[in-house]
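Here is the structure we will look at.
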Amino acid sequence: MNVLVVGSGGREHALAWKLSESPKVDKVYIAPGNSGCALVGECVDMDTGNLRNMVRWAREHDIGLVLPGSEVYYVDGIVDAFKEADIPIFGPTKAAAELEGSKAFAKNLMRRHGIPTADFAEFEQFEPAMRYIDSRPEGPVVVKADGLCAGKGVIVCENRDEAKAAVRRIMGDGEFGSAGYRVVIEEFLRGQEVTILALTDGKTIAPLASSQDHKAAFDGDTGPNTGGMGAYSPAPILTDAVMDEVVERILVPTVHGMNEEGRRFRGLLYAGLMLTGGGPKVLEYNVRFGDPETQPVLMRLKSDFFDLIDATVRGKLADQTIEWHPDPAVCVVLASGGYPGPYEKGKVVYGLDNAARRPNTMVFHAGAKLNHQKQVVTDGGRVFGVTATGRDIAAAIKSAYAAVGDISFEGMRYRTDIGKKAL
Ligand code: AMP
Ligand code: GLY
1 MNVLVVGSGG
11 REHALAWKLS
21 ESPKVDKVYI
31 APGNSGCALV
41 GECVDMDTGN
51 LRNMVRWARE
61 HDIGLVLPGS
71 EVYYVDGIVD
81 AFKEADIPIF
91 GPTKAAAELE
101 GSKAFAKNLM
111 RRHGIPTADF
121 AEFEQFEPAM
131 RYIDSRPEGP
141 VVVKADGLCA
151 GKGVIVCENR
161 DEAKAAVRRI
171 MGDGEFGSAG
181 YRVVIEEFLR
191 GQEVTILALT
201 DGKTIAPLAS
211 SQDHKAAFDG
221 DTGPNTGGMG
231 AYSPAPILTD
241 AVMDEVVERI
251 LVPTVHGMNE
261 EGRRFRGLLY
271 AGLMLTGGGP
281 KVLEYNVRFG
291 DPETQPVLMR
301 LKSDFFDLID
311 ATVRGKLADQ
321 TIEWHPDPAV
331 CVVLASGGYP
341 GPYEKGKVVY
351 GLDNAARRPN
361 TMVFHAGAKL
371 NHQKQVVTDG
381 GRVFGVTATG
391 RDIAAAIKSA
401 YAAVGDISFE
411 GMRYRTDIGK
421 KAL
């Protein structure tokens, strides 16, 4: 079967790589892909915003399964468009993707179904939001733009003044465009964060191995939030007992709640959790594979990834069992100098061949492309996700950083403490 992965990040390289390993997959196309995707399949230069063209292209190329990466596609209705054309596609419909597309929708769903999350209030007007902040006890609070902001619409505030400034940025200055039409102001939660990725066909829920992201730009979780500077899997803090609680109190009621509300969720449910003193609570839902969590999680997957994706699409997930390599995996993101602020592109990358020769190591390309001389050059903020497995987390960290040491480009920057929390 021919499959089409839609997107161009490190996650998409990992998804395409793992699909390409299945004996059932003849050819993987990636639209538009990147220099790494080109190593495992064929990149297709097309406008992924034009759903009608994509459907036509997929028909012409005998595509039997489509796997979009980013939430932007789901929220735009890519699943609805391919379903209408009778081409099997993985993921939630536009109505179900609202779970990530609107934070207020997600928070209200959790409230209606008793799913543990931070207490919150939502506002469409500036003055009531300001009065609400004044009415709260002084202390930390989190202000979120309602819509999609590529992970940048969440502002953690130390006090009332910062919270008011955050509301001003979102609603007054329009820094996040139409995503800031509404704000959610929520209770600040303390604890350790973990990510649970779960496949679901709307009936069966199959959690994947746990993972932990590193969102802050600099070592010691300092600096601004980024799309993710590294990740590891599994997250040892997520014990079996906590996982049972997550399934029972969070994943099951979320999937059932969506069903009950006529928005059947199919695809990958990403639960970003805070493990608080009062048990696990939802920080956010995403409706697609996490980036960079997918990179270390898929490095550990023993089962046929195509089978899992295909079964999810066909509503047959109950027939699948998922097997994992016990060795942990660590992914270190190599970023462009300046990221998450402004950065330069087009820097030539050296040393990828040496890194690729290392055992149990994968260099997933993200913001990287081939230039006219067929050299790999930087093309984004997060450029590579250098991922390695090891017999324990310390060994995986060592191997990942050894491969990082092979690679260089002008301005290259990375965190030196990925995985430390798991030691
Ligand atoms: P989100 O995009 O919603 O995951 O938020 C980005 C980051 O902000 C999270 O990974 C947390 O570190 C932090 N965050 C979000 N909501 C809260 C909260 N209610 N309490 C504490 N930290 C939060
Ligand atoms: N790693 C965070 C995300 O995928 O949203």
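Throughout the sequence shown, residue numbering follows our numbering, covering 1 to 423 in sequence.
Backbone N, C-alpha and C fix where the C-beta goes; we use that ideal spot for every residue, glycine too.
Inter-segment contact for the region 65 to 75 and the region 238 to 256 is absent: fewer than three beta-carbon pairs are separated by less than 8 Å.
Here the alpha carbon of P342 sits roughly 25 Å from the alpha carbon of T48. Nearest in C-alpha terms to I196, of all of V247, R169 and I170, is V247. About 11 Å separates the beta carbons of G91 and V75, which is beyond the 8 Å limit, so they are not a contact pair. The DSSP assignment places 267 to 276 and 279 to 286 as complete runs of the beta strand (DSSP E) inside the region 236 to 307, in order along the chain (cut-off: 3 residues). Fully enclosed beta strand (DSSP E) runs of no fewer than 3 residues occupy 120 to 123 and 141 to 145 of the region 95 to 146, in order along the chain. Checking the DSSP bridge columns, you'll see Y350 partnered with S408.
At least one heavy atom of the ligand GLY sits closer than 6 Å to the Cβ of D291. According to DSSP, residue pairing for G64 in a beta bridge does not occur.
Within the same chain, Cβ atoms closer than 7 Å to the Cβ of Y401 are found at V332, the five residues on either side in sequence being excluded.
In the three-state reduction of the DSSP assignment, K18 falls in the helix class. Contact check for P116 and V282: beta-carbon distance about 7 Å, within the 8 Å limit, so the pair qualifies.
DSSP places R160 inside the alpha helix (DSSP H), whose first and last residues are R160 to V167.
Assignment of beta-bridge partners to V376 by DSSP yields L370.
For Y232, the enclosing beta strand (DSSP E) begins and ends at G230 to S233.
Judged by beta-carbon spacing, R264 lies within the 7 Å limit of G202, meaning their Cβ atoms are closer than that value. Within the chosen limit of 6 Å, the ligand GLY reaches the beta carbon of N286 through at least one heavy atom. Cβ-Cβ distances below 6 Å link C149 to F176 and A179 in the same chain, with the five nearest sequence neighbours on each side left out; the list follows chain order.
Residue nearest to L39 within the set R59, M46, A16 and D26 is A16 (criterion: CA-CA distance). V330: member of the beta strand (DSSP E) spanning A329 to A335, first to last residue. Taking a contact as a CB-CB distance under 8 Å, the pair Y350 and S408 counts as one, their CB atoms being some 5 Å apart. Around the CB of N371, fewer than 16 other CB atoms lie within 10 Å, so the residue is classed as exposed.
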